[in-house]
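Written below as structure tokens is the structure these notes are about.
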Amino acid sequence: MALGSEVFVLGGYQTDFARNWTKENKHFSALMRESVRGALEACQIAPEEIESAHVGNFAAELYCMQGHLGAFFTEVDPAFSGLPTGRHEAACASGSIAILAAAAEIEAGRYDLQAVVGIEQMKTVSADVGGSYLGTAAWYEVEAKGVDFPFPKLFGRLGDEYDRRFGLKDEHLAEISRINYANAKLNPNAQTRSWYMNKEHALCRTEDNPAVGGRIRIADCSQVTDGAVTIFLASRQYAERWARGLGRKLSEIPRIKGWGHNTARLKFADKIAESAASPYVLPHVRSTIQSAMKRAGIADVNGIDGIETHDCFTTSEYMAIDHFGITAPGESWKAVEEGWLEIDGRHPINPSGGLIGAGHPVGATGCRQVLDSALQVTGQAGAYQVEGAKNFQTLNIGGSGTTSVSFVIGVD
Amino acid sequence: MTTSPRSAAELRRILASRKLERVVVLGANGTMGYGSAALFTTAVPEVVMLARTKAKADEGLAAAVKQVRSPTVANRVTTGDYEHDLAKAVAGADLIFEALTEDLAIKQDIFDRVEAARRPESIVATVTSGLSINALCAGRSESFRRNFLGLHFFNPPNVIVGTELIAGKDTDPAVVDFIDAFSTFRLGREMVRAFDTPAFAGNRVGFKVMNEVAQLAGEIGPLLADKLVGPYTGRAMTPLATIDLVGWDIHRAIVDNVYAHTNDEAHETNRLPDYMATLMEKGVLGNKSKRGFFKKDGKTRLVLDPATGDYRPEAEVVLPDLAYIAEVAALHRDGRYREGMQVFLNAQGEHAKRARRVIAGYVAYAFNRVGEVAETIDAIDRIMGLGFNVAPPSVLVDTIGAAGVVRMIEEAGLAVPAALADAARTGKPERFFRHTRINIGRFFVAE
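For the record, the sequence lines run as chains G and P. Numbering follows the working numbering, in which position 223 of the first sequence is assigned residue number 328; successive positions increment by one, without gaps. Numbering follows the working numbering, in which position 325 of the second sequence is assigned residue number 341; successive positions increment by one, without gaps.
Have a look at this one:
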């Protein structure tokens, strides 16, 4: 990217993903309001300074009977009256799509400071109704209609494909789950912070850990989560002024060093058919990751200090390990066995706990990953800090590997 | 940030400085015993659960499995009794965790056996919520006293992350740091350091508020009292429902202990109401006896008449006009917590005034305990927020505004703590609660 088009991530705010906003008797507007106001306060930015705002959300029309989400900015603060707003959707990658749009507006020179909110309130409906809503992220009529919990089944098939091509052991998936839960214990805003988990439980094959889709059991899944994350993106000009005001150097402010964005065919079977000749099971995901690294000027995963990846299921993280190039294709198990994925390992993955541990409010996840990456590269991640991290990379996936977005967030 | 001021890297180094792999839980059949044992199995390979008989320890294990809904707890646990198994288990343990009945003599008796069997470098922790850490280890060997501390989980230990760490006067600071790091990183606890004073920090402040509402219930009835100090004031569970949940006997043990051993500016608010003592003689103990301030009759909730001990359906209890609460709740529903609390602050009438009196008393009491029960208001804030799940005092001050809180305290006829008077006068600090990663909105429930 040219110097003039750099995009800085000033910081943001995450709601506690353990919260159940329906139990608190709260409306969608409260979720949005808390996250935006929390971010303004955390970053010491006055609402008047925000020039444009983007909302990433998957399905508020279904979960909350509410559309027109950008307009809720005007309810957050009187200063937002008149603000340009909009909403973006790409299933579970909605948050990242909103970030891409906001970043593009900064690169184009339209605005200097943008708010991006990723948001989803999901605990408004029962698990099976919610599972069916999530099915609209696939080709609903073909892959989800009349199917109980379609997504665990689709990602179970991802595991089956690994098994067919390379072999796959449950114990490696269980270890992925264990690490995510253990890391979540260190994250004050993680959904599963006080849930019971150890490797034996992840491997448990009784009704305490029931199967929900093929090889996928409850311990392999991210859960139904309410949450919102707001981040602020800024041009170099704004970021410089803002940093100066806080007595910080511009070089300490994280920026989006690179991004990748691809879309594969909707149906899982079509994706797998297309990748038959590829060493990678989901080549478009691989391409997304590589594009982001290339734009960041980073040769390979050894230039990345930590990863926040899309582990909607253990199989998706297993896929991410070789797609990031941590191991050769099909050898993700090596990274699991060697302990590379731990916070103090060679290639830490999901120090936040990821989607399995921290939670997965669908439209918020892409923003949560970028915020956590920004916290990591500025040494503000608290107990789940990866020591000395300078560059973090995200991977956010919509559907069964359909839309993928990756960002490299780093400091100099 | 939300843990201790030490950096994560420093805490990790402290954690790596010694090993903690074998834990013995004494009193493993009690709620705190089996709940804590289950928690330890997430972090260490070997947990020994001991009770008076092996059968009782096995009951504890079954309860632990049920509580966390995982049969895998048993993979890491062995059970036994004090007579046959304590000496060997304690000799092999890195941490001996005591969770017996809250009785000094009973605990001292078990500590005699622990002292005879333990390795000199092993750590001994007690989960006591009422007894003094210094009294519990008085007269023991130097090695015991240096390695002894309070590790106060809240019930249920596997769910509530707020945890108090209480050092005795002889506890080795390195042991305190190590248990802090272990609990933070391996158990996922939010650690708060409290001083060795009656009921420590959380229960001292939290039960004072609940007891004051119980006193109020004697005057105006439990239903109204619980509504006045309800979710809209910053708590997920109402005060009297909380007393029913923890048990009247436990509530009594805590407030009686505080009443007997402290003499602060709010002494009388810690006096158990007479009607509770009378009803307890008739077996009213809260949920565990199926009768408390409330009881269930099928799907109907019945409410206690404190004067007679009789119950009548909630729907038959005539309540006064509480429109202000609905107004506050409607604002909370949209996340307008400051506006909501302004409505509370300015609401007219004796009922709103009564509610403000309790909340003002809570905030003032907490600020006045700084230096006595913990070093900072932040410690009290975090244990109230993450141990009791109620709005921390500082969050109330930030949300209502220091000037508004001072007005409430003055209206209640209480002395204004200096820190709050200063804040109201100078406008500084702008915020007392500085944890940007702890949501404050979660405390204000829209009911």
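C-beta atoms are modelled at their ideal positions from N, C-alpha and C, and glycine is treated no differently. Here the structure is a predicted model, which means the values were calculated and not measured.
In the DSSP assignment, P:E114 falls outside any alpha helix (DSSP H) and lies within the beta strand (DSSP E) extending over 111-114.
Taking a cut-off of 8 Å on C-beta distances, the segment 103-116 of chain P touches the segment 50-66 of chain P, as three or more cross pairs fall below it.
In this structure, P:F404 lies away from P:L203, with their beta-carbon atoms at least 9 Å apart. Within 10 angstroms of the beta-carbon of G:K274 lie fewer than 16 other beta-carbons, which makes it exposed. Beta-bridge pairing by DSSP links P:R317 to P:K312. Distance between G:R451 and P:H100, taken at the CA atoms: about 46 Å.
Just measuring C-alpha positions, the residue of P:A382, P:G96, P:E388 sitting nearest P:F448 is P:A382. Put simply, the CB of G:G143 is near chain P, with a gap under 9 Å to one of its CB atoms.
Taking all protein chains in view, the Cβ of P:R385 is crowded by 16 or more other Cβ atoms within 10 Å, so the residue is classified as buried. With a threshold of 9 Å between beta carbons, P:N174 makes contact with chain G. Neighbours of G:S134 in chain P, taken as residues whose beta carbon is under 7 Å from its own, are D350, G351 in chain order.
Taking C-alpha positions only, G:Q498 is separated from G:I409 by approximately 7 Å. At a cut-off of 9 Å between C-beta atoms, G:Q490 counts as an interface residue with respect to chain P. For P:D101, the uninterrupted alpha helix (DSSP H) segment begins and ends at 98-107. Using a Cβ distance threshold of 9 Å, P:T254 and P:G263 do not count as a contacting pair. Within the same chain, R298 come within 7 Å of G:K290 by CB-CB distance, once the 5 residues on both sides are set aside.
Listed in chain order, the positions of the segment 391-410 of chain P with a beta carbon within less than 8 Å of a beta carbon of chain G would be empty, since no residue qualifies. At least 9 Å separates the CB of G:M398 from every CB of chain P. The Cβ atoms of P:I393 and P:R354 lie no closer than 9 Å to each other. Judged by DSSP secondary structure, P:F170 falls outside any beta strand (DSSP E); it is assigned neither H nor E. Per DSSP, the continuous alpha helix (DSSP H) segment holding P:A418 begins and ends at 418-427. For G:W364, the beta-bridge partners assigned by DSSP are G:F512. The beta-bridge partner set that DSSP reports for G:Q498 consists of G:I412, G:V513. Out of G:G332, G:S505, G:F429, the CA that lies nearest to the CA of G:G261 is found in G:S505.
Fully contained in the segment 283-334 of chain G are the following beta strand (DSSP E) runs of length 3 or more, in chain order: 316-318. Taking one beta carbon from each stretch, the segment 201-217 of chain G and the segment 227-247 of chain G have fewer than 3 pairs nearer than 8 Å; the two do not touch. C-alpha of P:S305 to C-alpha of P:L318: approximately 14 Å in a straight line.
Among the CB atoms of chain P, none fall inside 9 Å of the CB of G:N455. In the three-state reduction of the DSSP assignment, G:V112 falls in the coil class.
Straight-line measurement puts the Cα of G:E180 at about 7 Å from the Cα of G:R138. Listed along chain G are Y301, each with a C-beta nearer than 7 Å to that of P:V84.
In the structure shown, P:T57 falls within a coil segment according to DSSP collapsed to helix, strand and coil. Taking the C-beta atoms as reference points, G:P189 is found no nearer than 9 Å to G:A333. Contact check between the segment 298-316 of chain G and the segment 282-289 of chain G: three or more CB pairs, one atom from each, fall below 8 Å, which counts as touching. Contact between G:I448 and G:V491 holds, with the beta-carbon distance rounding to 6 Å and staying under 8 Å.
With a cutoff of 9 Å on beta-carbon distance, P:A197 and P:L402 are scored as not near each other.
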